[in-house]
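In my numbering, the protein residues as written are 1 to 490.
We put the CB at the ideal spot given by N, CA and C, even for glycine.
First comes the structure, then the notes that go with it.
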RNA sequence: CGGGGCGUAGCGCAGCCCGGUAGCGCAUCUGCUUUGGGAGCAGAGGGUCGCAGGUUCAAAUCCUGUCGCCCCGACCA
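See below:
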């Protein structure tokens, strides 16, 4: 058992923080609610980013970059949007410091004519720009993504899950027709689902948000929802059909092939460093982080073992060919031949850091033509011959990838229930947690009441319902078209 | 914004009640022995005790203020 990691059973929240600390993913910064993403965490983010970026480009998108600062007036142009973000905007009021007895002070003479907002999201400045880019239907669609940081002044923060500044991507697309914009919204949700499941090995439910959970300024918000090990849901990504709301607010029109001037249709979609929190809470255990091989910065770590200089030379030369074979096969391999840590220490450390496979090689293995192989996911250890590792190891990494997904899927299915009455609903939430499907009459009043009484929210109205069919609302008894997905959430 | 906790060596903490040479563990450096699941011994370096006032011969310790961070709840990706 790894030292310094609180068990999940004892305190899940503390366990989560311990994992981040011990796996060196991130640390708190001197600024409240902000974090330093350490090399281990950032390498993970880079792999996620690269894969998503590839998927965005395969679906026809281009990257661009828009400013960090947004004129205050832009925020006020779309009423719903303003209302949604007004409470959490950082505002820049001055441009200069002056020396003072206290060190430095804000120079009162440097007050800005128009205050600037640090972007909480970029719809406004992007749609202000799109107005210049779009005249004709021939200018459409515009399929843009940007990788950026954004700031939302949160009351309460948690590393990765909710920080005041976070990294994300935001896609912003402009289309000639409603159908096309809606298709784009759904297409990108599918991209997120594929990424979450195939790369993060994190099963997700796709669906549409209710009005109260909808993105400010959207007509519809689609989401991927994942279920964490402690039975709480995590919104892992969102995709919004924005209708013509921003086009109207920023007067973005085009002349269509029929000669008429029309407003442009829009979508936006994003995932953030929050995904790292979801990854942690999907796979990791009391021994530390567990990373899916497809995203792990290091897929295989090789730990050599020796007693003296002769053994060291023998073992390291034996390892050299193994390392080359794996590297040639496209495996991300790290050799840790440091002499100031003992093998046992390294074993534990790489386990804590979540490296999917560990190969240990000592004099005996070099002598016998073997390697010792340890899997992080099952923690099984075996001695195998040093043969065909260039095909064996990649295959094993893929097996680990699917084992992790299957385990996460089995856990989600175990923790997914259907409630046929409000009493049963509350009982499931209190005793088991997890996803709970239940009938709801479709009104905001009922939704609010359920939230106030149980702290559970409607995560989504799922596209694929495991409990299809009409029924009666568990609270009011009114008609319900289908069960919707409830959970307590992060 | 409420409730709780904490600021003392790079990290984790004790010391504070009862004022009197600033300590412990880990980490770091040196040397030797070690290396198949978080090594051992010996030695060494490292501090304006969050900040500002006050009381006192004397303040990490008592008093007053102030700043910051974390955790738990009300809003949100």
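As the crow flies, the alpha-carbon of residue 99 is around 42 Å from that of residue 171. The residue among 112, 122, 239, 75 with its C-alpha nearest the C-alpha of residue 65 is 122. Separation of residue 284 and residue 487 (C-alpha to C-alpha, rounded to the nearest whole angstrom) is 21 Å. Beta-bridge annotation (DSSP): residue 238 is paired with 223, 270. With 16 or more neighbouring CB atoms inside 10 Å of its own CB, residue 419 falls in the buried class. Inter-segment contact for the segment 23-40 and the segment 368-383 is absent: fewer than three beta-carbon pairs are separated by less than 8 Å. Taken through DSSP and simplified to helix, strand or coil, residue 478 comes out as coil. Between the beta-carbon of residue 236 and that of residue 271 there is about 7 Å, and that keeps the pair under the 8 Å contact cut.
Counting only runs of 3+ residues, the beta strand (DSSP E) found wholly inside the segment 117-171 occupies 142-151, in chain order.
In the three-state reduction of the DSSP assignment, residue 100 falls in the strand class. Rounded to whole angstroms, the gap between the alpha carbons of residue 363 and residue 341 is 18 Å.
Take the alpha-carbon of residue 361 and the one of residue 328: they are about 19 Å apart. In the DSSP annotation of this structure, the continuous segment of the beta strand (DSSP E) that includes residue 371 starts and ends at 370-375. Taking the Cα positions, residue 402 is about 12 Å away from residue 410. A residue is called buried once 16 or more other Cβ atoms fall within 10 Å of its Cβ, and residue 155, having fewer, is exposed. In the three-state reduction of the DSSP assignment, residue 294 falls in the coil class, being assigned neither a helical nor a strand state. Secondary structure note for residue 459: it is in no alpha helix (DSSP H), and the uninterrupted beta strand (DSSP E) holding it is 457-462. With the rule of 3 Cβ pairs closer than 8 Å, the segment 87-94 does not count as touching the segment 50-62. About 5 Å separates the CB atoms of residue 130 and residue 174; that is less than 8 Å, so the two are in contact. Straight through space, the alpha carbons of residue 78 and residue 21 are spaced by roughly 41 Å.
Within a 10 Å sphere around the beta-carbon of residue 463 sit fewer than 16 other beta-carbons, which makes this residue exposed. Less than 7 Å separates the beta-carbon of residue 336 from that of residue 301.
For residue 185, there is no enclosing beta strand (DSSP E); the residue is part of the alpha helix (DSSP H) that begins and ends at 178-194. Apart from the 5 residues on each side of it in sequence, residue 268 sits with its Cβ closer than 7 Å to the Cβ of 123, 170, 171, 172, 240, 242 in its chain, given in chain order.
If you draw a straight line from the Cα of residue 162 to the Cα of residue 274, it comes to about 7 Å. Pairwise C-beta distances place the segment 175-184 out of contact with the segment 200-215, as fewer than three of them are shorter than 8 Å.
Inter-residue distance for residue 331 and residue 404 is about 19 Å (C-alpha atoms, whole angstroms).
Judged by beta-carbon spacing, residue 231 lies beyond the 7 Å limit of residue 160, meaning their Cβ atoms are not closer than that value.
Assignment of residue 28 by DSSP, reduced to helix, strand and coil, places it in the strand class. Within the model, the alpha-carbon separation for residue 309 versus residue 394 is close to 32 Å.
For residue 55, the CB contacts under 6 Å within the same chain, skipping 5 residues up- and downstream, are 191 in chain order.
In the three-state scheme derived from DSSP, where H, G and I count as helix and E and B as strand, residue 435 is classed as strand. Judged by pairs of C-beta atoms under 8 Å, the segment 142-155 does not touch the segment 423-434, as fewer than three such pairs exist. Spanning the alpha carbons of residue 109 and residue 72 requires a straight line of approximately 20 Å. If you look at residue 322, you'll find it isn't in any beta strand (DSSP E); it sits in the alpha helix (DSSP H) that goes 309-328.
DSSP, reduced to helix, strand and coil, places residue 345 within a helical segment of the structure shown.
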